[in-house]
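Residue numbers (the numbering used here), protein chains in the order written: chain L, 107 to 797; chain U, 107 to 797.
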């Protein structure tokens, strides 16, 4: 079939033949490819076990169960956010690391939610049936939001499981995902950040790498460690070069289906703007970090996040500016559009769809900066503003019927919303003042200081003075107050006369209007993309996989090195390489080793594999995903991709692009020889606590 | 007279009464103020001695002679550029410091030019007479450029001195400055950068400070150390709190005369854009610095420059967003314009001038980004491009009559141009590729990747690939080749078919067109400002001082602390404070001390003053300026201003704003007790070498 061929062209853009591409749905796995290429049979049982052993960190990452007693592993950089929230200047777990030798020593995280996927149901027909065929975009958007909220609520009430309707193929299909939730999650083990993020920003996204980027937690239910049936057996030896491996995790989002109009907008407008924002924040946080030990501790998490995003987006933009990526993309789209003329009405719809997407992209671009500043809150960058706005909107949205609310206030999302809103995580006034002051300055620069809204926001003060005033007088950092206002509703929120909530109220008419524009244009794009997807016929069976949506996906590939400037880069690094790197960099931060690693060097088997590369198709959100072998055993954990993998957002290519993992052997070696955490190592090896 | 009163309002904006404001011309010194306020008589002899002992670093800073044998002192951060150019990975003088114990050990700088002001002549009448009264702006600009080039060339030929016509009061007056040039300048002493820039970016522009930001050079003539009559006697004790002090140096530029239209353009457009560029560069250089010891060494200078500018501009922008600064500015302008109606035709011209400035500002703003990218070369940010364009333009400009060339190619500027063009300073291909790749990406983002010029510039390649190609194939890094092409003229330049020169040629029509727009609109603004200045009548005697122009100025003020959040900040720090700061910051970089400072701690008199603040009116370019007492003795050296001084670009205020200096006593103490540089200390004390 023609459409399949064209889809095949689109899916193998700039790839060598037989690239191990794809972030596959667990209910539409690449069985045929695996059978033909690797003589591997992905049975239902194999898939279900892997699915239920995989964990989503709602804070933005992946992980997996590795013991029947609820022990689970993720990346240190995924867990760091949780660690930070119960660290203090005196007990800085990022710096010192942490190991609970007994269950009693395990520390409960403040607001961490984990999700484990239980089932997937296709609800495309019900969603589409509820959306008027010829309504305008606004009506279609509201109808779709309503039916999705209904489906989610029904499912939540009937199963008790977290229920999310996921939009796939940009609207080509809707699947209902049901998750078991864990909100009592406790920290078991974390190494020092120094070794977990060894080499810091300079080595991030590079290879060779030497990171022990792991963090172990335990899920609890009813005050007891959770008993889990599906957990991964830990392989003490790990994977060999050339071996077939799988990644089961939650890629956050990709943009492979975008049209050229959308890619060009990203390249020329959206990414440059976003990068400007990130670089501005990075400079602000780095400069502030330098002031004292404590400012460095407070800024660590946000600074890591910003640097990580900046490096990733710089890499993506480089991809979009590379004719080797964009040339084939443009050709594939042109070929596809040309091929439309000789077929049925489905093709006509798809043809028209490209024009609709182009127009909607222009309409969105025209509002993008204001949207980012006001609805995206980039002009009011601080936790206090975000909390204040959530309180304001909760008061306004919650009395509405479930299906008519902003999505984040729907009944099915209530528990997750409240977990965040009532979090006891610390908020630092000095950092709040810093970031709010900087973002008010940014707001004034982007809209002009004489802009009417800017003048109202600043209220006759300089950005700095206004930030000091707002942060020092708002009460929203008080969790008890937030609970009171949330429960008291709009009346209580208004009566509080809190200056930050009043600022949110001042901005809200504009912010809501912008959100409406974005929703409507997004609806137009979604319908158009769905039409193109239908034309591509990708929904049928093994035709392909949809763009990533922070839902569970299966990737596969080989443990494999690559060539750089004619020289081979080996697929694996070892403990010996770690010590060597520290020496060649004169132990200068961020290349210094934690003292315990120096002290225990003689005990460490230096030939132990530390990090390895594979051709598995991943993206941000996959951090912490288990890497498993044919037997479904845990052989490593994804923590990064190399620079060449960054354009995977737009197209996969395995000439040089690689996913990067910590080897399972390194984890056991470090626990046993460096950290004296033999009990934990034994739990990993046995798959359960000593009995 | 009304105009004088209004001028007085403008000059004391947001100041307390009797603020020690002003960057005064040496030929129009504030004699009356000094007499009335401080009972100090600034005699012609006192002024001439100070003028001729003051030195301009053409690379962008100030300094002064401190011995009859040509010894001169500036800041380490002014000299660092010269130090870097003869440093290597093996001999890194920034890191190790440097001391020439004998004249033979003094190292010659590669391309450093020093200027010492010999005389000032008012040439306003001759310049104005040559400019047609009713011509268009383009004709006026060309006529003015021509007469200025004539005056400069005549002066150079008749005196042999470097001769620059300086535009003062934005065109209200033209003065001819004649300088003695020194181009054989040798390094005598530099401390480690670690102590010269102690506290790094975090402590930059802050107080208390603990920097030994000094660097000593010796001027040579005909292979011998220069014999200078006018040098400053070095005060071993320095200045006391409350004492009257003077600063004689070269403030680079201020914007105090700008109209509200111009200030608003700076606030809402120019500064936000410039800050975006700086933050982008800072992130790029900081990330690259982190890769290896050698990348850190190579990026040090540019990174310092970028961070320093970023912090300064953030401070300026904060000033422009502060109603306490802008409110009085707006009121003064409104009062001034209102006052115009009841006076003569001069007032009418000034009234019209505000409208002309507003229109010209809009016209300039519309081209500002393209100007910055193409003529400002922000889209081609690397030394190779700048050299290539100089070669290209030299070939085209030099055959023209002197008065019709771009100013930088005029006969009077030839020696300085060639000093830079033929410099043997190293150019690093890895850093060139980095910065060119980044700036081509920036160019594509600003103009759009589908822009015709961008497509020609990238030639079908990604920014990275194009940068690699250009940097690896251009030959302009070869000084001998540059000499050949420069001497061979346009024909030789064309025949070379150098890819970087051809890139410059590709861009040049657009770049020249933009420069023409900027020159014409600048001419309109200059004429309008001159009309306003005439109305203010500031040219007459002690009426005021013009905006800074990187020419010699005299400032005065008191050694004085200030209050911050109700707490007094002392005017002086001591050696004891330095050691204390290192301890409280756990010796974490950039708060670690050089080993020799730890080792010699017991020898250092801890009560020795290290840094001090004063109310002297300074700005960037004043770095390295001598601070002298009533007796004209050297009591310290300017190296910084505090954060509150940054808005001095637009208006002086001494409520909290302060200039920061190294105390003379600290210099002697460090040379004697830390560095065992007793011979050098003796030369400072005696004012000449041991005889």
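Cβ coordinates follow ideal geometry from the N, Cα and C atoms, glycine included.
In the structure shown, residue 779 of chain U falls within a helical segment according to DSSP collapsed to helix, strand and coil. Residue burial is scored here from C-beta neighbours: residue 693 of chain U has fewer than 16 other C-beta atoms within 10 angstroms and is therefore classed as exposed. At a cut-off of 9 angstroms, the C-beta of residue 417 of chain L has a neighbouring C-beta in chain U. When 7 angstroms is used as the limit between beta carbons, residue 389 of chain U is near these residues of chain L: 385, 388, 389, 416, in chain order.
Only exposed fits residue 433 of chain U, as fewer than 16 other CB atoms lie within 10 angstroms of its CB. Residue 608 of chain L has its alpha-carbon roughly 44 angstroms from the corresponding atom of residue 408 of chain U. By the rule that beta-carbons nearer than 9 angstroms mark a contact, residue 535 of chain U does not touch chain L. Chain L has a Cβ within less than 9 angstroms of the Cβ of residue 397 of chain U.
Residue-level contact check: residue 370 of chain U touches chain L, since one or more beta carbons of chain L fall below 9 angstroms from its beta carbon. Interface with chain U (9 angstroms Cβ-Cβ cutoff): residue 567 of chain L is included. Taken through DSSP and simplified to helix, strand or coil, residue 363 of chain L comes out as coil. In this structure, residue 528 of chain L lies near residue 592 of chain L, with their beta-carbon atoms less than 9 angstroms apart. Annotation: residue 159 of chain U to residue 486 of chain L spans about 52 angstroms, alpha carbon to alpha carbon.
DSSP places residue 747 of chain L in the uninterrupted beta strand (DSSP E) bounded by 740–747. Within chain U, no C-beta atom comes nearer than 7 angstroms to that of residue 465 of chain L; the closest sits roughly 18 angstroms away. One Cα belongs to residue 256 of chain L, the other to residue 508 of chain L, and the distance between them is close to 8 angstroms.
Under a criterion of Cβ atoms nearer than 7 angstroms, the residues of chain L adjacent to residue 373 of chain U are, in order, 555. Along the length of the segment 338–419 of chain U, whole alpha helix (DSSP H) runs at least 4 residues long occupy 366–371, 377–395, reported in chain order. According to the DSSP secondary-structure assignment, residue 327 of chain U is paired through a beta bridge with U/330.
Using a CB distance below 8 angstroms, the part of the segment 302–333 of chain U facing chain L consists of 306, 307, 308, ordered along the chain. Scanning chain U for C-beta atoms nearer than 9 angstroms to the C-beta of residue 683 of chain L yields nothing, as the closest lies near 16 angstroms away. Going by DSSP, residue 522 of chain L is part of the alpha helix (DSSP H) stretching over 520–527. Using a C-beta cut-off of 8 angstroms, the segment 195–215 of chain U makes no contact with the segment 348–356 of chain U, since fewer than three inter-stretch Cβ pairs fall below that distance.
Contact note: residue 428 of chain U reaches chain L through 567, 568, 569, 570, 571, using a C-beta cutoff of 9 angstroms and chain order. Distance check between residue 314 of chain L and each of L/713, L/667, L/724, L/601 places L/667 closest, using alpha-carbon atoms only. Closest in alpha carbon position to residue 319 of chain U, among U/612, U/641, U/305, is U/305.
Of the other Cβ atoms in all chains shown, 16 or more fall within 10 Å of the Cβ of residue 134 of chain L; this residue is therefore buried. In the three-state reduction of the DSSP assignment, residue 483 of chain L falls in the coil class, being assigned neither a helical nor a strand state. Under the 9 angstroms criterion on CB atoms, residue 476 of chain L is classed as non-interfacial with respect to chain U.
Secondary structure remark: continuous alpha helix (DSSP H) runs of at least 4 residues inside the segment 259–294 of chain L: none found. At a cut-off of 9 angstroms between C-beta atoms, residue 413 of chain L counts as an interface residue with respect to chain U.
Its Cα nearest to that of residue 379 of chain L, the residue U/548 stands out among U/755, U/548, U/730, U/773. Look at residue 623 of chain U here: in three-state DSSP terms it is helix. Setting aside the 5 residues that flank it on each side, residue 688 of chain U is surrounded in the same chain by 697, 699, each with a C-beta closer than 6 angstroms to its C-beta; the list follows chain order.
Contact check for residue 748 of chain L and residue 311 of chain L: beta-carbon distance about 6 angstroms, within the 8 angstroms limit, so the pair qualifies.
In terms of beta-carbon proximity, residue 378 of chain U lines the interface with chain L, with at least one pair separated by less than 9 angstroms.
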